[in-house]
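Q: Before we start, here is the structure in question, set down as structure tokens.
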Amino acid sequence: MRKKAANDFEKDFFKLLNNAVFGKTMESMRKRIKMELVSSDRRLQKLINQSTFKHCTTYNETLNAVALENKIIDFCKPIYIGFAVLEISKYLMYDYHYNVMQKHYDDKIKLMYTDTDSLVYYIQTDDFYNDLLNNPNLLNRMDTANLPGDHPCYIAERKKIPGLFSDETDGRIMREFCALRAKSYAYISEDKEKIKAKGIRGHVVRNQMTFQDHKRCLFGDTSLEVTTSNVSIRSFNYKLKTIKSNKLSYNSFDDKRVILEDKVHTLAHGHYSIKEELKAELDS
């Protein structure tokens, strides 16, 4: 169904359907609670006195919502399915990196950024798309249906096939890339600037954040204003409120890796050369 999606809504809808099925296989039954709406003071006191009482939310003088823990937890979810999906997805990522990309490009490729299902590479080559065209081992792992119709690597039949990687820039060459931490990066392609910042409102990303400011943050420019004003409409006890808050938009601290002195290269925690790097910093 996702292959036949005609717009962004349909693409996201069918993607979320798949995610929902996976999520249910990994659902924590311990987190399920019973909710009861109570309008009687006597009933309210009786529920509060129970050993399974968790919390109570008051909406007005006559209406309360009481949350109770379940006395019996039924572990009925097939967690082994969700576990297998996660392990298979990690295998696909490692297999693609080591047995396809690194095997082909050897020392001419560097991994710049990675997420759950994506990889950003720095590749030293004359023409990456020509490499795809002339090497079936590379092309067979790619969903190239999002490339322009006249592109030599375009194959419509590969649209949204699970397990294949697609080109994030739709055939445009990425000129510069700057990643600050997980879910926070920016890049410049041939004709546009793209910024990803999880947790930051879309209008703030579009109107206030720039690629150059990402670079300033990465290299420690202390004059950079790292917070931005975010306005959102949120619900508190079913009452809508307009909230204005200052959020940390630029932050180069990443606790997932050890960041080296040049602010660009990183090492995994526990890497054998970390002590040597620290010693070199202290000596200098």
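Take the sequence shown: its position 59, counted from the start at 1, is 147 in this note's numbering, and no numbers get skipped.
We put the CB at the ideal spot given by N, CA and C, even for glycine.
Report buried or exposed for A94, applying the criterion of at least 16 other Cβ atoms within 10 angstroms of its Cβ.
A: What you label residue 94 is simply residue 6 of the sequence shown in a count that begins at 1. The residue is exposed, with fewer than 16 neighbouring Cβ atoms inside 10 Å.
Q: Does the beta-carbon of A274 have 16 or more other beta-carbons within 10 angstroms, so that it is buried, or is it exposed?
A: To locate residue 274, count along the sequence shown from 1; it is residue 186. Its Cβ being crowded by 16 or more others within 10 Å, A274 is buried.
Q: Quick one, which of Y209, R294, D258 and F216 has its alpha-carbon nearest D231's?
A: In the sequence shown, the residue the question calls residue 231 occupies position 143. It is D258 whose Cα lies nearest to the Cα of D231.
Q: Which word fits A108, buried or exposed, when buried means at least 16 other C-beta atoms lie within 10 angstroms of its C-beta?
A: On the sequence shown, residue 108 is found 20 positions in, with the first residue counted as 1. A108 is exposed by the Cβ-count criterion.
Q: Going by C-alpha to C-alpha distance, which of H353, E364, Q300 and F324 sits closest to Y338?
A: By 1-based counting over the sequence shown, the position of residue 338 is 250. Answer by Cα proximity: Q300.
Q: Could you tell me the distance, in whole angstroms, from the CA atom of K351 to the CA atom of K178?
A: Taking the sequence shown and counting its residues from 1, the one referred to as residue 351 is at position 263. Taking the sequence shown and counting its residues from 1, the one referred to as residue 178 is at position 90. If I take the Cα positions, the gap works out to 27 Å.
Q: Contact defined as beta carbons within less than 8 Å: I believe S361 pairs with L268. What is the distance between those atoms, to the nearest angstrom?
A: Working through the sequence shown from its first residue, we reach residue 361 at position 273. Working through the sequence shown from its first residue, we reach residue 268 at position 180. S361 to L268, Cβ: 23 Å. No contact.
Q: For the alpha helix (DSSP H) containing V109, list its first residue and its last residue.
A: What you label residue 109 is simply residue 21 of the sequence shown in a count that begins at 1. From DSSP, the alpha helix (DSSP H) with V109 extends over D96 to T113.
Q: Can you give the Cα-Cα distance for V208 and L227, rounded to whole angstroms?
A: Taking the first residue of the sequence shown as position 1, residue 208 is located at position 120. Taking the first residue of the sequence shown as position 1, residue 227 is located at position 139. Spanning the two alpha carbons is a distance of roughly 17 Å.
Q: Let's see if you can read the secondary structure: which residues bound the beta strand (DSSP E) around T268?
A: Counting from one through the sequence shown, the residue named residue 268 turns up at place 180. The identity of residue 268 in the sequence shown is Leu, whereas the question assumes Thr. Run containing L268: E264 to R269, per the beta strand (DSSP E) assignment.
Q: So E175 is in the alpha helix (DSSP H); what residue range does that whole segment cover?
A: Sequence index remark: in the sequence shown, residue 175 carries index 87 (1-based). It spans I167 to Y184 - the alpha helix (DSSP H) in which E175 sits, taken as one unbroken run.
Q: Between the alpha carbons of N234 and Y210, how many angstroms are there, rounded?
A: Walking along the sequence shown from the start, residue 234 turns up at place 146. Walking along the sequence shown from the start, residue 210 turns up at place 122. Cα-Cα distance, rounded: 21 Å.
Q: Output yes or no for whether 8 Å exceeds the beta carbon distance between K327 and R90.
A: Residue mapping note: residue 327 aligns to position 239 of the sequence shown, counting from 1. Residue mapping note: residue 90 aligns to position 2 of the sequence shown, counting from 1. No, Cβ-Cβ distance for K327 and R90 is not below 8 Å.
Q: Under the three-state reduction of DSSP, which class applies to N152: helix, strand or coil?
A: By one-based count along the sequence shown, residue 152 stands at place 64. Of the three classes helix, strand and coil, the one that applies to N152 here is strand, per DSSP.
Q: Cβ atoms of N218 and H192: under 8 Å apart, would you say?
A: What you label residue 192 is simply residue 104 of the sequence shown in a count that begins at 1. What you label residue 218 is simply residue 130 of the sequence shown in a count that begins at 1. Their beta carbons are not under 8 Å apart, which means H192 does not touch N218 by this criterion.
Q: Within 8 Å, do at least three Cβ pairs link the stretch 97–115 to the stretch 155–173?
A: They touch, by the three-pair rule.
Q: Which word fits A356, buried or exposed, when buried means at least 16 other C-beta atoms lie within 10 angstroms of its C-beta?
A: In the sequence shown, the residue the question calls residue 356 occupies position 268. So A356 ends up on the exposed side.
Q: Between the Cα of I161 and those of Y147, T140 and L180, spot the shortest distance and give me the residue it belongs to.
A: If you number the sequence shown from 1, residue 161 lands on position 73. The option with the nearest alpha carbon to I161 is T140.
Q: Give the secondary structure of K247 by DSSP, where H, G and I count as helix, E and B as strand, and everything else as coil.
A: By 1-based counting over the sequence shown, the position of residue 247 is 159. Three-state result, K247: coil.
Q: Helix, strand or coil: which one does DSSP assign to K344?
A: Residue mapping note: residue 344 aligns to position 256 of the sequence shown, counting from 1. Coil at K344, not helix or strand.
Q: Nearest to M156 by CA position, among F171, A172 and K134, is which residue?
A: As a position in the sequence shown, residue 156 is number 68, starting the count at 1. Correcting the residue type first, residue 156 is Leu in the shown sequence and not Met. Ranking F171, A172 and K134 by Cα distance to L156 puts K134 first.
Q: CB I288 to CB N334, shorter than 8 Å?
A: Here residue 288 is taken as the residue at index 200 of the sequence shown, counted from 1. Here residue 334 is taken as the residue at index 246 of the sequence shown, counted from 1. No, these two residues do not count as a Cβ contact at 8 Å.
Q: Is DSSP giving M189 helix, strand or coil here?
A: The count along the sequence shown starts at 1 and reaches residue 189 at position 101. Note: M189 maps to helix in three-state DSSP.
Q: Between which two residues does the beta strand (DSSP E) holding R322 run?
A: As a first step, residue 322 must be located in the sequence shown, where it is residue number 234. T315 to F324 is the span of the beta strand (DSSP E), which, as asked, contains R322.
Q: Quickly, what does DSSP pair K329 with across the bridge? List them, please.
A: Locating residue 329 in the sequence shown gives position 241, where the first residue counts as 1. R322.
Q: Is Y338 helix, strand or coil by DSSP?
A: For the purposes of this step, residue 338 is identified with residue 250 of the sequence shown, where counting begins at 1. Three-state result, Y338: coil.
Q: Can the beta-carbon of N137 be found closer than 8 Å to that of T145?
A: Here the question's residue 137 lines up with position 49 in the sequence shown. Here the question's residue 145 lines up with position 57 in the sequence shown. No, they are not a contact pair.
Q: If you draw a straight line from the alpha carbon of M123 to that of K329, how long is it in whole angstroms?
A: Translated into positions along the sequence shown, residue 123 becomes position 35. Translated into positions along the sequence shown, residue 329 becomes position 241. Rounded to whole angstroms, M123 to K329 spans 24 Å at the Cα level.
Q: Give the single residue among D195, M117 and S254 whose Cα lies nearest to the Cα of N158.
A: Taking the first residue of the sequence shown as position 1, residue 158 is located at position 70. Ranking the options by Cα distance to N158, first place goes to M117.
Q: Out of K303, L312, T310 and I331, which one is the CA nearest neighbour of S320?
A: Counting from one through the sequence shown, the residue named residue 320 turns up at place 232. Cα-wise, what sits closest to S320 is I331.
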